[in-house]
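Trainee: Numbered according to our numbering, the sequence shown spans residues 97 to 667. We treat Cβ as the ideally placed atom computed from N, Cα and C, and that holds for glycine. Provided herewith is a single structure, encoded as structure tokens, for subsequent inquiry.
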Amino acid sequence: METTTGPLGQGVANSVGMAMAARWFAARYNRPDFELFNYNVYAMCGDGCLMEGISAEAASVAGHLQLSNLCWIYDSNRITIEGHTDLAFTEDVGRRFEGHGWQVLEVDDANDTTAVEQALLKFKATKDRPTLIITKSHIAWGSPNKQDTHAAHGEPLGDEEIRLTKRAYGWPEEAKFLVPDDVYRAFEAGVGARGSKQYAAWSKTFEAYRAAHPELAKELDQILARELPAGWDKEIPNFPADPKGKATRDTSGQVLNAVAKQIPWMVGGAADLAPSTKTKLTFEGAGAFQAASPGGRNLHFGVREHAMGAIVNGLAVSGLRSYGSTFLVFSDYMRNTLRLAAIMEIPSLFIFTHDSIGVGEDGPTHQPIEHVPSLRAIPGMYTLRPGDANEVAESWKFIMAQTHHPVCLILTRQALPTLDRTKYASAAGTQSGAYVLADAVGGKPEVILLATGSEVSMVVEAYEKLTAEGIRARVVSVPSFEIFEQYCAKHPEYREQVLPVAVRARVAVEMAAPFGWHRFVGSEGHVIAMNSFGASAPLKDLQKHFGFTTEAVIAAAKSQIARNAHAGTSR
């Protein structure tokens, strides 16, 4: 397994997900005489890692779950970029971790390999809690002028100091990147030989396991290949037309359960919000992952969004299909974990509900504005904001097919109409990122109306009224900017089919910041969006106040038609 860390604290938080995965694999796949999974997870960390809040969140989770297969080795050299840690970090880390439910061991000298070995052996003998080994060390050890200084932390030693340090080690002073042959031989005879022998033994055990438990072995093959079992989507519902409809968080919860029931290695949960995000697995046998039940598939992250994201990534790099959920406005707590999922190209799933000013009376602190555009800006991340129940179902089909892209699924709290797909286009167009949902007679529109999420039904209503007035309008549902752009890159003709260049009159509607929409409506198109924070009031009042009404869409459409007709005449 490999993970990408970068921002301090991310790696140790990933390790909690890895240790949870190890426990989960053991619970599901180990059988009498077949202990396939019994590995431990180690993470190296420093002073900065343990200052970051994410490490405290993750350590708290690990302590609660009694992850005795997890060991953090804390290199305490007490130096940061600005100087000695006494400037800002004077707490008793050991006592803090004891409070988290960890075993805390101390090694006074990091170069005392016997003491280090004894600490590791004690970790391996401990079966009821994770272990933190605090090792006291010296930054730039051996450097005559920079040992124990912050200069060694934030800048190179320099050629002269490197020579002096090598002299202190008794190392050839002019040699660069020198690895003596004895080191290669030691690795080959130690780690190499031991690892080769253990891998051969494990492989032999696994072949015997395959003969005894072929179905479980097949699951492991699929996990390693990032494949899905046959029929994984067979219970995804097709939602009938319903003018009242349901919140997309509700329909997503239905689809999630239909999918996870068929994929035994799908696990996830929420940051203490599963009843609101509708992400609890409710089918028989789902269970909850706890210290006494590590085979459970519902994960309880507590109010720890940042650690949740990193743990989800740790589970994903271990092979599990993992998800985490919270309110969209709290995605800000998770920014680094989202970016790292994209950098690592892993299929982590982040489910964000309460996606707009539709939150209503909760007010501007809980009403996302800039969040969806900012998620769309993350390279390699797919962001999906479905407009009704059947777009939700199609979104899930797209999500589960991903093997190298994380996804943010954006969902509503308020109910949305389920569109009549015998009248409007199939929701299968979701797979293309954007599609013509409703069109003008003859496919020759005067104006194109674009929308995503909860605003799609508003635009459809405007379309119907414009059509009744004899105005030729087209509705384009845009569940995902990134998927549309990628689809068009592969199928260049598709953009013209959906957004013909000749139709310059365009209106886009989204209850979020307008960033990104002008790539579709052009510099002269109109975007009905949020240009301020929201307010505390019932949804309908907020929509009227901020201009998200059918009447506003119709007025903008007519204005666009008139403007472009005038421009055409002038030309």
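Could you give the residue range of the alpha helix (DSSP H) that holds ARG568?
Mentor: Your numbering for residue 568 matches position 472 in the sequence shown. From DSSP, ARG568 is part of no alpha helix (DSSP H); its letter is neither H nor E.
Trainee: In the DSSP assignment, what residue or residues form a beta bridge with HIS614?
Mentor: For the purposes of this step, residue 614 is taken as the residue at position 518 of the sequence shown. HIS614 pairs with nothing; no bridge assigned.
Trainee: Closest by CA to GLY538, which one among ILE175, ILE567 and VAL408?
Mentor: What you label residue 538 is simply residue 442 of the sequence shown in a count that begins at 1. Among ILE175, ILE567 and VAL408, the Cα nearest to that of GLY538 is on ILE567.
Trainee: Decide if the stretch 141-150 is in contact with the stretch 158-167; the criterion is three or more beta carbon pairs, one per stretch, under 8 Å apart.
Mentor: As far as the Cβ criterion goes, the stretch 141-150 does not touch the stretch 158-167, which means the pair count is below three.
Trainee: Ends of the alpha helix (DSSP H) at VAL506?
Mentor: Working through the sequence shown from its first residue, we reach residue 506 at position 410. With the sequence shown as reference, residue 506 is identified as Ile, and Val is not the correct amino acid for it. That residue, ILE506, is in no alpha helix (DSSP H); its beta strand (DSSP E) goes 503-506.
Trainee: Kindly give me the distance between the Cβ atoms of LEU411 and MET116, rounded to whole angstroms, as I take these residues to be in contact under 8 Å.
Mentor: Position 315 of the sequence shown, counting from 1, holds the residue named residue 411. Position 20 of the sequence shown, counting from 1, holds the residue named residue 116. So it is a contact: roughly 6 Å between Cβ atoms.
Trainee: Helix, strand or coil for TYR674? Go by DSSP, reduced to three states.
Mentor: Since the first residue shown for the chain is 97 and the last is 667, residue 674 is missing from the structure and cannot be characterised.
Trainee: Report the start-end ranges of each beta strand (DSSP E) in the stretch 162-237 that is 3 residues or longer and not cut off at the edges.
Mentor: DSSP runs (the beta strand (DSSP E)) wholly in the stretch 162-237: 166-172, 199-203 and 227-232.
Trainee: In angstroms, rounded to a whole number, what distance separates the CA positions of ASP637 and SER421?
Mentor: Position 541 of the sequence shown, counted from the start, is the residue given in the question as residue 637. Position 325 of the sequence shown, counted from the start, is the residue given in the question as residue 421. Roughly 28 Å between the two C-alpha positions.
Trainee: What residues match up with LYS342 in a beta bridge as DSSP calls it?
Mentor: Working through the sequence shown from its first residue, we reach residue 342 at position 246. Note: LYS342 sits in a beta bridge opposite LEU512.
Trainee: On the DSSP bridge list, what partners appear for TYR280?
Mentor: As a working note, residue 280 is residue 184 in the sequence shown. In DSSP, TYR280 forms no bridge with anything.
Trainee: Identify which residue in ASN173, GLU213, ASN486 and ASP204 has its Cα closest to the Cα of VAL351.
Mentor: In the sequence shown, the residue the question calls residue 351 occupies position 255. Of the candidates ASN173, GLU213, ASN486 and ASP204, the one whose C-alpha sits nearest the C-alpha of VAL351 is ASN486.
Trainee: Is ARG481 helix, strand or coil when you go by DSSP?
Mentor: In the sequence shown, counting from the first residue as 1, residue 481 sits at position 385. Coil.
Trainee: Near ILE657, which residues of its chain fall below 8 Å by C-beta distance, leaving aside the five closest residues on each side in sequence?
Mentor: Translated into positions along the sequence shown, residue 657 becomes position 561. Answer for ILE657: GLU542, VAL543, ILE567 and ALA601, listed in chain order.
Trainee: Where GLN325 and THR499 are concerned, what is the direct C-alpha to C-alpha distance, given to the nearest angstrom?
Mentor: Your numbering for residue 325 matches position 229 in the sequence shown. Your numbering for residue 499 matches position 403 in the sequence shown. Per the sequence shown, the amino acid found at residue 325 is Pro instead of Gln. Whole-angstrom Cα-Cα distance: 14 Å.
Trainee: In the DSSP output, what is PHE423 paired with across the bridge?
Mentor: Here residue 423 is taken as the residue at index 327 of the sequence shown, counted from 1. THR449.
Trainee: What residue range does the alpha helix (DSSP H) around ILE624 cover?
Mentor: Residue mapping note: residue 624 aligns to position 528 of the sequence shown, counting from 1. No alpha helix (DSSP H) holds ILE624; the beta strand (DSSP E) holding it covers 622-624.
Trainee: Evaluate GLN593 with the Cβ neighbour count: other Cβ atoms within 10 Å of its Cβ, from every protein chain shown; 16 or more gives buried, anything less gives exposed.
Mentor: Taking the sequence shown and counting its residues from 1, the one referred to as residue 593 is at position 497. Counting Cβ neighbours within 10 Å, GLN593 comes out exposed, since fewer than 16 surround it.
Trainee: Counting C-beta neighbours from all protein chains within 10 Å, is the total for HIS467 16 or more, i.e. buried, or is it exposed?
Mentor: Within the sequence shown, residue 467 is the residue found at index 371, counting from 1. Classification of HIS467: buried, given that the 10 Å Cβ count is 16 or more.
Trainee: Is it buried or exposed, LEU274, if we count other Cβ atoms within 10 angstroms and call 16 or more buried?
Mentor: Position 178 of the sequence shown, counting from 1, holds the residue named residue 274. LEU274 is exposed by the Cβ-count criterion.
Trainee: What is the residue span of the alpha helix (DSSP H) that GLY113 lies within?
Mentor: Here the question's residue 113 lines up with position 17 in the sequence shown. 106-125 is the extent of the alpha helix (DSSP H) around GLY113.
Trainee: Among all the DSSP beta bridges, which residues are the ones paired with VAL605?
Mentor: Numbered from 1 along the sequence shown, position 509 holds the residue referred to as residue 605. ALA547 and ILE624.
Trainee: For a minimum of 4 consecutive residues, which ranges assigned as the alpha helix (DSSP H) are wholly contained in the stretch 347-431?
Mentor: For the stretch 347-431, whole alpha helix (DSSP H) runs of length 4 or above, ordered along the chain, are 370-373 and 401-413.
Trainee: Short check: CB of GLY113 to CB of ASN409, under 8 Å?
Mentor: The residue you call residue 113 lines up with position 17 of the sequence shown. The residue you call residue 409 lines up with position 313 of the sequence shown. Against a cut-off of 8 Å, the Cβ pair of ASN409 and GLY113 comes out as a contact.
Trainee: Using only the alpha-carbon positions, how far apart do THR433 and PRO460 sit?
Mentor: In the sequence shown, counting from the first residue as 1, residue 433 sits at position 337. In the sequence shown, counting from the first residue as 1, residue 460 sits at position 364. For THR433 and PRO460, the distance between alpha carbons rounds to 25 Å.
Trainee: Have a look at CYS145 and ASP171 and give me their C-alpha separation to the nearest angstrom.
Mentor: Sequence index remark: in the sequence shown, residue 145 carries index 49 (1-based). Sequence index remark: in the sequence shown, residue 171 carries index 75 (1-based). Spanning the two alpha carbons is a distance of roughly 10 Å.
Trainee: Taking the CB atoms as reference points, tell me whether HIS501 and GLU441 lie closer together than 8 Å.
Mentor: For the purposes of this step, residue 501 is identified with residue 405 of the sequence shown, where counting begins at 1. For the purposes of this step, residue 441 is identified with residue 345 of the sequence shown, where counting begins at 1. Result yes, Cβ atoms of HIS501 and GLU441 sit closer than 8 Å.
Trainee: Going by C-alpha distance, which of GLY456, SER418 and GLY107 is nearest ALA633?
Mentor: Position 537 of the sequence shown, counted from the first residue, corresponds to residue 633. For ALA633, the nearest C-alpha among the options comes from GLY456.
Trainee: Would THR479 be called buried (16 or more neighbouring beta carbons within 10 Å of its own) or exposed?
Mentor: Along the sequence shown, one-based indexing puts residue 479 at 383. Classification of THR479: buried, given that the 10 Å Cβ count is 16 or more.
Trainee: Pull up the distance between the alpha-carbon of ILE258 and that of MET97, whole angstroms please.
Mentor: Residue 258 sits at position 162 when you count from the first residue of the sequence shown. Residue 97 sits at position 1 when you count from the first residue of the sequence shown. For ILE258 and MET97, the distance between alpha carbons rounds to 34 Å.
Trainee: Using the Cβ count rule (16 or more neighbours within 10 Å means buried), how would you classify SER666?
Mentor: As a position in the sequence shown, residue 666 is number 570, starting the count at 1. Caution is warranted here: a pLDDT of 44 is assigned to SER666, below 50, making its placement in the model unreliable, and the coordinate value is therefore given only provisionally. Counting Cβ neighbours within 10 Å, SER666 comes out exposed, since fewer than 16 surround it.
Trainee: Could you compute how far the alpha carbon of GLU303 sits from the alpha carbon of PRO276?
Mentor: Taking the sequence shown and counting its residues from 1, one reaches residue 303 at position 207. Taking the sequence shown and counting its residues from 1, one reaches residue 276 at position 180. So the alpha carbons of these two residues sit roughly 39 Å apart.
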